[in-house]
Amino acid sequence: MTRELAAHFPHEMCILHRLIILVFGGPTCALVSHNALLLRHLWPAHPLLAAWCGLRVSLCVIRPYLWLHVLRAYGRARRQLTPALVAQAFIAAQDEPLVRLNARLGVAFIGWLCCSTAYLVARGWMEGGRTGAEELLWTHCKLNFWSLLVQKVLSIVIFFYLISSETVSRSLLPETLDAYSTVETLTHADVTAAGHASLAAAAQTPDARRVLCTTECIICVREFAVGERVRWLRCPHAFHVECIDEWVLRHKNLCPLCQARIGPPEPSLAELLGEEGEHAHAE
Ligand SMILES: [Zn+2]
Ligand SMILES: [Zn+2]
2 MTRELAAHFP
12 HEMCILHRLI
22 ILVFGGPTCA
32 LVSHNALLLR
42 HLWPAHPLLA
52 AWCGLRVSLC
62 VIRPYLWLHV
72 LRAYGRARRQ
82 LTPALVAQAF
92 IAAQDEPLVR
102 LNARLGVAFI
112 GWLCCSTAYL
122 VARGWMEGGR
132 TGAEELLWTH
142 CKLNFWSLLV
152 QKVLSIVIFF
162 YLISSETVSR
172 SLLPETLDAY
182 STVETLTHAD
192 VTAAGHASLA
202 AAAQTPDARR
212 VLCTTECIIC
222 VREFAVGERV
232 RWLRCPHAFH
242 VECIDEWVLR
252 HKNLCPLCQA
262 RIGPPEPSLA
272 ELLGEEGEHA
282 HAE
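With this note's numbering as the guide, the letters of the sequence shown map in order to residues 2 to 284.
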């Protein structure tokens, strides 16, 4: 599921995973501190409950260090040159040992919380009530459940906000676009020859003198004029600099005319989802 989401929304997933740590790291530390205080309160009168609280604290001691590692890994992924490379780096980061350990400790904590809740609920039903020490642990469990609920709801809200937001830059980095295109000013000869090269012919002769395939920029549908700055992609098609920059940097790293990818070689969606490997394995 995470792999699929990363393949389709790589930038949003990097931002979301970093935000969750930045927003909930503090409250989680506060909850662990609450648990440590509980441990101090329960020891030595209730050794079993105290040991159980100690287990929860020990599961979390290393996590701030792991969060720093996760923040750095997803930050690195977000700085990749193209969206598919961002997705690839995000998926690779999830396989890093420290990122995995962080995820496993998170699952272990959920297990701890479920076991605690099941025990305390059973005690409430079967024994007709909980002891004072158990009530303290019950309060702690309820705080954790509220925290988890808020975290999950907020994650979903933030994710949908990010995928619909116009402010998230989710395509190429500007420097990648510059490296894989050239900006030129149109001359009289360029404008006169415009429209006299077919899309296919232009694509087959990328090294020949480039000729504008259309008389207008197909993004803004305005005729090309002498003196205007255009960006030549490697396919090779040209568009007004401001039109293609808006298109490529905000939306997709594809040429609007021929759908050629802009930027370095990148993995396909099937490779990102690991489908090719699975098919090969099945054969
Ligand atoms: Zn234009
Ligand atoms: Zn093109």
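Where a beta carbon is used, it is the ideal one built from N, C-alpha and C, also for glycine.
None of these values were measured; they are calculated from a predicted model.
- Excluding the 5 residues flanking it on each side, Y181 has same chain C-beta neighbours closer than 7 Å at R235, I263, G264, in chain order.
- Taking 4 residues as the minimum length, the alpha helix (DSSP H) runs contained wholly in the stretch 16–62 are 48–61, in order along the chain.
- Counting only runs of at least 4 residues, the stretch 73–141 fully encloses the following alpha helix (DSSP H) elements, listed from N- to C-terminal order: 84–95, 98–127.
- Annotated three-state conformation of H189 is helix, per DSSP.
- Rounded to whole angstroms, T118 and C142 show a C-alpha spacing of 7 Å.
- When DSSP states are grouped into helix, strand and coil, V169 belongs to the coil group.
- Measuring C-alpha to C-alpha distances from F25 to each of Q89, G133, N145 identifies N145 as the nearest.
- Straight-line measurement puts the Cα of E267 at about 32 Å from the Cα of F225.
- In this structure the stretch 51–61 lies against the stretch 29–42, because at least three pairs of beta carbons, one per stretch, are closer than 8 Å.
- When the beta-carbon positions are compared, C218 and C259 stay at least 9 Å from each other.
- Set against 8 Å, the gap from the CB of H9 to the closest heavy atom of ligand 2 is not smaller.
- Counting C-beta pairs closer than 8 Å gives three or more between the stretch 163–180 and the stretch 70–89, which meets the contact rule.
- Per DSSP, reduced to three states, the secondary structure at A226 is coil, with no helix or strand assignment.
- Apart from sequence neighbours up to five positions away, the residues of its chain that approach C15 with a beta-carbon distance below 7 Å are Y75, A78, R79, V87, F91, ordered along the chain.
- Rounded to whole angstroms, the separation of the alpha carbons of L273 and L99 is 21 Å.
- For A8, there is no enclosing beta strand (DSSP E); the residue is part of the alpha helix (DSSP H) that begins and ends at 3–9.
- By the Cβ neighbour-count rule, E13 is buried, with 16 or more other Cβ atoms within 10 Å of its own.
- Inclusion of T215 and G196 in the CB contact set at 9 Å is warranted, their separation being smaller than that value.
- Here the distance from the Cβ of E97 to the nearest heavy atom of ligand 1 is not below 8 Å.
- Going by DSSP, A239 is part of the beta strand (DSSP E) stretching over 239–241.
- Minimum Cα-Cα distance from Y66 among the listed residues I22, H42, W44, R57 corresponds to I22.
- Listed in chain order, the non-local C-beta contacts of L50 below 8 Å within the same chain comprise L43, A134, E135, L138, local neighbours out to five positions each way being set aside.
- For T177, the enclosing alpha helix (DSSP H) has its first and last residue at 175–180.
- By the neighbour-count definition (other C-beta atoms within 10 Å, threshold 16), C115 is an exposed residue.
- Taking all protein chains in view, the Cβ of D96 is surrounded by fewer than 16 other Cβ atoms within 10 Å, so the residue is classified as exposed.
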